[in-house]
Structures are given as structure tokens and as C-alpha cells.
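Q: Positions 204 to 534 (this note's numbering) are the ones given, in order, by the sequence shown.
Each residue gets a CB set at the ideal place from its N, CA and C atoms; glycine is no exception.
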Amino acid sequence: MALLEIRNLSVGIKRRGKCLRAVKEISFEIEAGEITALAGESGGGKTLTALSIPRLLPEAASILGGEIIFDSAPLHSLGENEMRKHRGKDIAMIFQEPQQALNPLMRIGTQIAETPLLHGERNKKQARRAALEIIDSMGFTDPEKIYGAYPHQLSLGMCQRIMIAIAAISRPKLLIADEPAASLDTATQTQILDILARMNKEFGTTILFISHDLPLIRRFCKRLIIMYGGKIFEDGPAEKICAKPAHPYTQGLIAAIPSKEQRGSPLPGIAGRSPSIEDFLPGCPFAPRCPRVLAQCRESFPPLTILGAGQRMYCYNPGGDSPSVTEAGNV
204 MALLEIRNLS VGIKRRGKCL RAVKEISFEI EAGEITALAG ESGGGKTLTA LSIPRLLPEA
264 ASILGGEIIF DSAPLHSLGE NEMRKHRGKD IAMIFQEPQQ ALNPLMRIGT QIAETPLLHG
324 ERNKKQARRA ALEIIDSMGF TDPEKIYGAY PHQLSLGMCQ RIMIAIAAIS RPKLLIADEP
384 AASLDTATQT QILDILARMN KEFGTTILFI SHDLPLIRRF CKRLIIMYGG KIFEDGPAEK
444 ICAKPAHPYT QGLIAAIPSK EQRGSPLPGI AGRSPSIEDF LPGCPFAPRC PRVLAQCRES
504 FPPLTILGAG QRMYCYNPGG DSPSVTEAGN V
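(1) If you draw a straight line from the alpha carbon of R331 to that of Q314, how long is it in whole angstroms?
(2) Compute the Euclidean distance between the alpha carbons of A242 and S340, then round it to the nearest angstrom.
(3) Would you give the residue range spanned by the beta strand (DSSP E) that C222 belongs to?
(4) Spatial neighbours of G247 within its chain, please: CB distance less than 6 Å, with the 5 preceding and 5 following residues excluded, ordered by chain position.
(5) Which residues bound the alpha helix (DSSP H) around I337?
(6) Look up S527 in the DSSP assignment and say whether it is helix, strand or coil.
(7) Name the residue from I420, P375, L427, L259 whose alpha carbon lies nearest to the alpha carbon of K404.
(8) Using C-beta distances below 6 Å, list every residue in its chain close to T508, excluding the 5 sequence neighbours before and after it, in chain order.
(9) Taking the alpha carbon of Q454 as the reference point, which residue from Q329, E232, C518, M204 has its own alpha carbon closest?
(10) Quick one: what's got a C-beta closer than 7 Å to R492's C-beta in the same chain, skipping five residues either side?
(11) Hey, could you find the ends of the beta strand (DSSP E) N435 is sitting in?
(12) Using CA coordinates, which residue listed in L427, T239, L359, P488 is at the minimum distance from I444?
(13) Would you mind working out which of R210, E336, Q392, G323 sits nearest G312, comparing C-alpha positions?
(14) Following the continuous beta strand (DSSP E) through M286, name the residue where it begins and the one where it ends.
(15) For S230, which of S245, D345, L212, R466 has the nearest alpha-carbon?
(16) What residues match up with I349 in a beta bridge as DSSP calls it?
(17) Which same chain residues end up closer than 6 Å to M361 when comparing Cβ atoms and leaving out the 5 residues on each side of it in sequence?
(18) When you compare the region 254 to 266 with the region 213 to 233, are there three or more beta-carbon pairs, one atom per stretch, that lie closer than 8 Å?
(19) Rounded to whole angstroms, how far is the Cβ of S477 from the Cβ of E262, which I believe are closer than 8 Å?
(20) Skipping 5 residues on each side, what residues in its chain have a beta carbon closer than 6 Å to that of E228?
(21) With a cut-off of 8 Å, do at least 3 Cβ pairs link the region 368 to 387 to the region 406 to 414?
(22) Under three-state DSSP, which class holds F489?
(23) Could you check whether A449 and R421 sit closer than 8 Å to each other, using their CB atoms as the reference points?
(24) Please confirm whether A205 and I233 have their CB atoms less than 8 Å apart.
(25) Tell me, please, which residues DSSP counts as bridged to T508.
(26) D381 bridges to which residues according to DSSP?
(27) Sorted by chain position, which residues of the same chain lie with C-beta nearer than 7 Å to L223's C-beta, five sequence neighbours on each side aside?
(28) Can you tell me whether P301 is buried or exposed, with buried defined as 16 or more other CB within 10 angstroms of its CB?
(29) Out of S468, E437, R466, which one is the CA nearest neighbour of L456?
(30) For A458 versus P469, is the C-beta spacing smaller than 8 Å?
(31) May I have the straight-line CA-CA distance separating N520 from E502, to the nearest angstrom?
(32) Taking the C-alpha atoms as reference points, what is the distance between L417 and H322?
(33) Please report the straight-line C-alpha distance between K434 and L399, rounded to a whole angstrom.
(34) With the cut-off set at 8 Å, would you say C500 and I238 are in Cβ contact?
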């Protein structure tokens, strides 16, 4: 059963007196308990899509149309007071820059205990105890010391674990993780992913995982959604898409993953540049860069093509042999 349903969602950004569409009529579902990745180049609409769910869009952005259904609740039409009941408790988010997301003037323990206090789940004593327990579960050796620390006293990886602790303390149904492992060393990345996997297994938390790191996604996520230019291009089992991508854009992403065989050689890239939201492209936004472009690609966005085994895409002319990947990072 789908916990989250996105139906024809469009998000706009105000720029120089105009409202420009950055996310364009996308639709997808996430099953309860599933770990789903949203991937693609920067500027493709991933973060705006994610921020639309808990209605935390920046001031210049707004939902232009579509529906966001979470656990049968129409989030897109709820008032702010009703949305506050869901944020933090049912829907939690880990932001891209943990050191900026944490309040520099508040102690770590106070920030972790804030959510259960705001939602009336615990009194101050209970919230403090719960915060210490969640800090301990994040792998810190001295929870009391961390509880009383300020964000500037912690490393980037420690701050990321604190962000997860803030999200995990109320055991949300949905966790949105925006690049949670970016800029971290391999050991810390593994630690972060282990914590998220434990949340998924022990609490049944559904996770929307936003990243551009396809090898990491392949290891961690069950399902993968590829976005580009504000549109969804491909959707299906992460292993299947990474092993044999169908869309030309996904094929280009996979081909650009470094491999042992390519060591010392330039990595293949996708020619051209990503579209700006100011570019008016009536057809497929990848058409100017696509090696298999047809005339109709420039005129209209392609309809949905069902490929089987849960995989689907939007492309008029996929064709060709997609690169086959047997192990993450090895083409």
C-alpha cells in the first residue's frame, strides 16, 4: 500500500517577476516501508520535490498544481496548523547541510527533545531521557556530553547523526533524507547509512533518499526515480535500472561512473549543459543533449512506457544497448 502519492505535482519559482516551473507535472508513489531514491543532476528538481511534501518550500517557491497524498491525508490542501501536526512527528526531514540546519545557539539535547515536546508526546523529563537514548543509539560514546554540546563543537559527520536523531526520536512514518551522505568520508557514510537502514528495519520508516550518487543508491535503495529538468525520466527497481538503464539520460549517468577498467582514461560525459528553469522547452528537456533525439522529442514530452518488472520510462526513442553494470561503480 502506498504511504505517499504524488500526482501531477508542479512547483514554480518566482524570478524577476515571473513564475517559472521547476518541477513539471510529476507523479510517483512510495510504498510503506520502502527505501526509494530520487536521483539526477543538480537543478533537476529533486530537492524542490522533497521540500513540497512537508510544505517547507523556500519563500520564492510554491506548489502550482497537483496532489500530495500522505497516509490518506491531502497535504497539498491542508492549512498550516494541520501541517504542523504532521511535520516532525509523521514526516521528518534530514537537510543537506546539517551544520547550517542546526540552531547554533541551542544545545544539541534541547534540539533533539524539541519535537516530542512540541507534539505533546512527552514531558520535559521524558523528552530528556528519550533524547539521551537516541543519542546513544547514534553511536556516541558519551551521550551526556553530546546532549550539552553546541553544533559548532561537533564535526560534520556528528552533526549529520544529530540530524538523524532529531528525525528519529518521534519514529516518523516517512523520512526525507536530502544528500545525507554527501561530503562525508567513506567510513562516516557507511555509519550514516547503517543508522538509516536500522530505522527502516526496526521502526518500519519509509525513506525518500535524495542523492546523485548512483553506486551508493544501488547499495542502499530498493527503488530509483531518475529526474532531469523537472521531469521524471525513469522509475523502477534500483538494481535493475543501475544494471541496465533504459533511458538515454540514465545510460549517460551510468556510463560516467568511474570504473577500474577506465582508470587513467577520461570519463565519458553527457554533451551540452543541463537546462535552466528559464529555458522554454516544450518537449523533452533532454532533447538538446540526447544522442537519439527525434523531431517529436522537441515538440512534446513522451508518454509513459512500461518496460516490465516494475520499470518504466518516458522516451520516444530509447534504442541502443544500455551499459550493463555488474557491481556498483564497475561498468
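A: Concretely, from the data shown:
(1) If I take the Cα positions, the gap works out to 10 Å.
(2) Cα to Cα, A242 sits roughly 29 Å from S340.
(3) Residues 221 to 234.
(4) Correct list, in chain order: M430, Y431.
(5) Its alpha helix (DSSP H) spans residues 327 to 340.
(6) Note that S527 scores 41 on pLDDT, short of 50, meaning its location in the model is unreliable and no value can be drawn from it.
(7) K404 has its Cα closest to that of P375, out of I420, P375, L427, L259.
(8) If we look at T508 and ignore the five residues flanking it on each side, its Cβ neighbours are M516.
(9) If we check each option's Cα against that of Q454, C518 comes out closest.
(10) Answer for R492: I473, A474, G475, listed in chain order.
(11) Before going on, a small fix: residue 435 reads as Ile here, not Asn. For I435, the enclosing beta strand (DSSP E) begins and ends at 434 to 440.
(12) Considering only alpha carbons, the answer is L427.
(13) Of R210, E336, Q392, G323, the residue nearest in Cα terms is E336.
(14) First-last for M286: 283 to 289, but that is the alpha helix (DSSP H), not the beta strand (DSSP E).
(15) Selection S245, D345, L212, R466 evaluated against S230 yields L212 as nearest (Cα-Cα).
(16) In the DSSP output, where bridge partners are listed per residue, I349 has none listed.
(17) Result list for M361: empty, nothing under 6 Å.
(18) In short, these stretches touch, since the Cβ pair count reaches three.
(19) Actually they do not touch by this definition, with Cβ atoms about 24 Å apart.
(20) Contacts found: N211, S213.
(21) Counting Cβ pairs under 8 Å, three or more are found: they touch.
(22) The answer is coil: DSSP assigns F489 none of H, G, I, E or B.
(23) Not a contact, by the Cβ cut-off of 8 Å.
(24) Contact: yes.
(25) Looking at the DSSP assignment, T508 forms a beta bridge with M516.
(26) D381 pairs with I413.
(27) Excluding residues within five positions, the ones whose Cβ falls inside 7 Å are G215, I216, I480, E481.
(28) Flag for P301 reads buried.
(29) Nearest C-alpha to L456: E437.
(30) Against a cut-off of 8 Å, the Cβ pair of P469 and A458 comes out as no contact.
(31) Near 14 Å, if we compare the C-alpha coordinates of E502 and N520.
(32) The straight-line gap separating the alpha-carbon atoms of L417 and H322 is approximately 36 Å.
(33) The straight-line gap from Cα to Cα measures roughly 27 Å.
(34) Taking 8 Å as the cut-off, the Cβ atoms of C500 and I238 do not count as close.
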